[in-house]
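Participant:
Protein chains in written order, with this note's numbering: chain E, 1 to 327; chain D, 1001 to 1343.
1. For the region 1266–1295 of chain D, which residues have a CB atom closer than 9 Å to at least one CB atom of chain E, in sequence order?
2. When we look at the beta-carbon of residue 1143 of chain D and count the other beta-carbons within 10 Å, is it buried (16 or more) or exposed?
3. Just tell me which of E:18, E:35 and E:12 has its CA closest to the CA of residue 6 of chain E.
4. Name the DSSP beta bridge partners of residue 40 of chain E, please?
5. Run down chain E in chain order and give the residues with a C-beta less than 9 Å from the C-beta of residue 1222 of chain D.
6. Give the DSSP bridge partners of residue 21 of chain E, in chain order.
7. Enumerate in chain order the residues of its own chain whose CB-to-CB distance from residue 1012 of chain D is below 6 Å, with the five nearest sequence positions on each side excluded.
8. Whose Cβ in chain D lies nearer than 9 Å to the Cβ of residue 43 of chain E?
9. Measuring only between beta-carbons, confirm whether residue 259 of chain E sits less than 8 Å from chain D.
10. To the nearest angstrom, report how far apart residue 260 of chain E and residue 1083 of chain D are at their CA atoms.
11. In whole angstroms, what is the alpha-carbon distance linking residue 1198 of chain D and residue 1221 of chain D?
12. In the region 1037–1064 of chain D, which residues sit with their C-beta less than 7 Å from some C-beta in chain E, listed in chain order?
13. At 8 Å on the CB atoms, spell out the chain D contacts of residue 195 of chain E, in chain order.
14. For residue 1071 of chain D and residue 1033 of chain D, what's the separation of their Cα atoms in angstroms?
15. Taking any Cβ of chain D, which residues in the region 173–187 of chain E have a Cβ under 7 Å from it, in chain order?
16. Keeping to the same chain, check which residues put their C-beta closer than 6 Å to that of residue 1329 of chain D; ignore five residues upstream and five downstream.
17. Just how far apart, CA to CA, sit residue 131 of chain E and residue 164 of chain E?
18. At a CB distance below 7 Å, what residues from the region 235–248 of chain E approach chain D? Give them in sequence order.
19. What first and last residue would you give for the beta strand (DSSP E) that runs through residue 1009 of chain D?
20. What number of angstroms, rounded off, separates the C-alpha of residue 1189 of chain D from the C-alpha of residue 228 of chain E?
21. For a contact meaning CB atoms closer than 8 Å, what does residue 1213 of chain D contact in chain E?
22. Are the Cβ atoms of residue 1162 of chain D and residue 1194 of chain D separated by less than 8 Å?
23. Assuming residue 320 of chain E and residue 248 of chain E form a contact by the criterion Cβ under 8 Å, report the distance between their Cβ atoms to the nearest whole angstrom.
24. Please compile the residues from chain D whose C-beta is within a distance smaller than 7 Å of the C-beta of residue 158 of chain E.
25. Along the region 1235–1249 of chain D, what residues have a CB closer than 8 Å to any CB found in chain E?
26. Taking the beta carbon of residue 62 of chain E as the centre, do at least 16 other beta carbons fall within 10 Å, making it buried, or is it exposed?
27. Tell me where the beta strand (DSSP E) around residue 70 of chain E begins and ends.
28. Check whether the Cβ of residue 1145 of chain D lies closer than 8 Å to any Cβ atom in chain E.
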């Protein structure tokens, strides 16, 4: 088993805004090995995006990041910005949801890729161009010589996302974070981009963090899954184990609420009442307790620890689901 | 019996301006679309970005009027009607939009938002309107004493969408056109709103024209499903039959691309992944608009546009060379489109 390229330990992110203190990420721990795909799944406000932006040093000044995130032994938390600049985009790169807004509309695609290449390695313009064309072929853009000279608006959404992936890969990063990278794309384009990421991962050995709200993406494309709720990891397991032996009632509720192709029309979806808790005033016990069908009185008072209950399978619940048992 | 809604040969196009304000081209958003919708029935329209599904929804409610074609609602032709006569004719047709914040006036209180259509159509006096607003908020699961005085930004996305639904059902509509009504909501909230729409449908006998890009979601709410591709319907049929044995190659690819919730099933098929980029709606291919991405395409597909024809009970397919029907094996354990699409 290879050594982890990324070790995140007890990562916390807090936002202080006008006297209000929002605990967006509340102690997140995980490891990522080379060539693996980890999915971080959660709803809006679960902390999935904030936690990965913290790794990239991309949070605003109102954020306080504590804990540890070591990339190949180098501590990223607390790293000064001028030093971070050498790692961001080089060792750890990110692809965002909206490729239209991530690309400069007034610059040719090729220029944007060569600029990214030359930002991290001092190569001649001709060599950078050769590398850019290679990258465009690598992300399977047809006719790279033509696309090199085009502007982003001349490309489709799927192609723009391929360009973003080419830019992210320009410096052979160890870790690639895809933050809802296919959410804005159509389902057929999404399948194409996901297949591309899987192929690049096995060819280049890049580790991938897949941030998404979609459990289906995790089931189809991830090796391991972390489920986050209200700033905390609540379940963590290899994908097959997670879907075969789901323990955390929240994960179960999430899976049950997704409309499925195999479900009959007009059937009532299992409903979880209420809304996620306010991150300004988190309850002392389990944060999912007010909405949980399995909750008992003690869930309100004491928070279940996030520990490895079975080999490789972590969860935070006093009354976990048993195999095959409904909520 | 006449249908509640009869849409015939609806066409809508947009002119795009090119460099310097010159005419750049024409987007063929909706090209000759026809369908019926019966009272109490839900028709789901599913399609990818740029397929024209939202434009079709808007053409149905005459905002904007379609360029040509006919939309008959409750027996009255809507195309060509203007002003008050149009307002009267489509009183029983309402719409719910995707963005719950953008579709509600941010400065109004919840009660004002729900009451407005009642005032607009001169429904009752102030007292009866207030009672009706309270009833409506109760129906969508919002306590009027707690939420009535709030403004949209003091509500969550799901609550905003409940307000939009309360407003839509205020005038006892027969048809509610829903354009991606739950796409911006998180999964657990989405399930709550879907169940609410389902409950209102049975309680009030509503019909929905339900637009979405999400195939599983459309199946969940629909009696019949129409698959839209580049401005045209390529397959229409009963939800169960269409998902069990899709006959149009595009429907097969769509179903094969949905990520499965079962990690033991292989992800999307090679064929779906290889299907390439959709053509531009500004220059759709001749004949069948799917032929450039279709593994079954032949010369005929470029020469002649396939029209919808009935291949099963109520199952219409616009394809010269439809997919064969899969043999049923064992009990109907439908496993999504993926397994079948490999065949």
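Don't be surprised by glycine CBs; every beta carbon is placed ideally from N, CA and C.
Computed from a predicted model, the values in this text were never measured in an experiment.
Facilitator: Let me spell this out:
1. Per Cβ criterion, the list reads 1266, 1267, 1268, 1269, 1270, 1272, 1273, 1274, 1275, 1276, 1277, 1278, 1280 and 1293.
2. Counting other Cβ atoms within 10 Å of its Cβ, residue 1143 of chain D stays below 16 and is therefore classed as exposed.
3. Distance from the Cα of residue 6 of chain E is smallest, within the candidate group E:18, E:35 and E:12, for E:35.
4. In the DSSP output, where bridge partners are listed per residue, residue 40 of chain E has E:211 and E:226.
5. Residues of chain E with a Cβ closer than 9 Å to the Cβ of residue 1222 of chain D are, in chain order, 265 and 266.
6. Its beta-bridge partners are E:16.
7. Excluding residues within five positions, the ones whose Cβ falls inside 6 Å are 1029, 1030, 1055, 1059, 1066 and 1067.
8. Those are 1186, 1187, 1188 and 1189, listed as they occur along chain D.
9. At a cut-off of 8 Å, the C-beta of residue 259 of chain E has a neighbouring C-beta in chain D.
10. Residue 260 of chain E and residue 1083 of chain D have their C-alpha atoms roughly 42 Å apart.
11. Taking C-alpha positions only, residue 1198 of chain D is separated from residue 1221 of chain D by approximately 7 Å.
12. Hits within the stretch, in order: 1048 and 1049.
13. In chain order: 1267, 1268 and 1273.
14. Going by the C-alpha atoms only, they are around 11 Å apart.
15. So the list reads 186 and 187, given in the order they occur along the chain.
16. With a pLDDT of 46 at residue 1329 of chain D, under the threshold of 50, the modelled position of this residue cannot be trusted; read the value that follows with caution. Close CB contacts of residue 1329 of chain D within its chain, under the 6 Å cut and outside five residues either way in sequence, are absent.
17. Put simply, the backbone Cα of residue 131 of chain E is about 15 Å away from that of residue 164 of chain E.
18. Listed in sequence order: 239, 240 and 243.
19. Residues 1005–1017.
20. Computed Cα separation, rounded: 16 Å.
21. Those within 8 Å of residue 1213 of chain D in chain E are 186 and 187.
22. No, the Cβ-Cβ distance between residue 1162 of chain D and residue 1194 of chain D is not below 8 Å.
23. Taking the Cβ atoms as the reference, residue 320 of chain E lies roughly 7 Å from residue 248 of chain E, within the contact range of under 8 Å.
24. Within 7 Å Cβ-Cβ: 1277.
25. Only those residues of the region 1235–1249 of chain D whose C-beta falls short of 8 Å from the nearest C-beta of chain E are listed: 1239, 1240 and 1243.
26. So residue 62 of chain E ends up on the exposed side.
27. Looking at the DSSP string, the run of the beta strand (DSSP E) that includes residue 70 of chain E is 63–71.
28. No, because no Cβ of chain E sits closer than 8 Å to the Cβ of residue 1145 of chain D.
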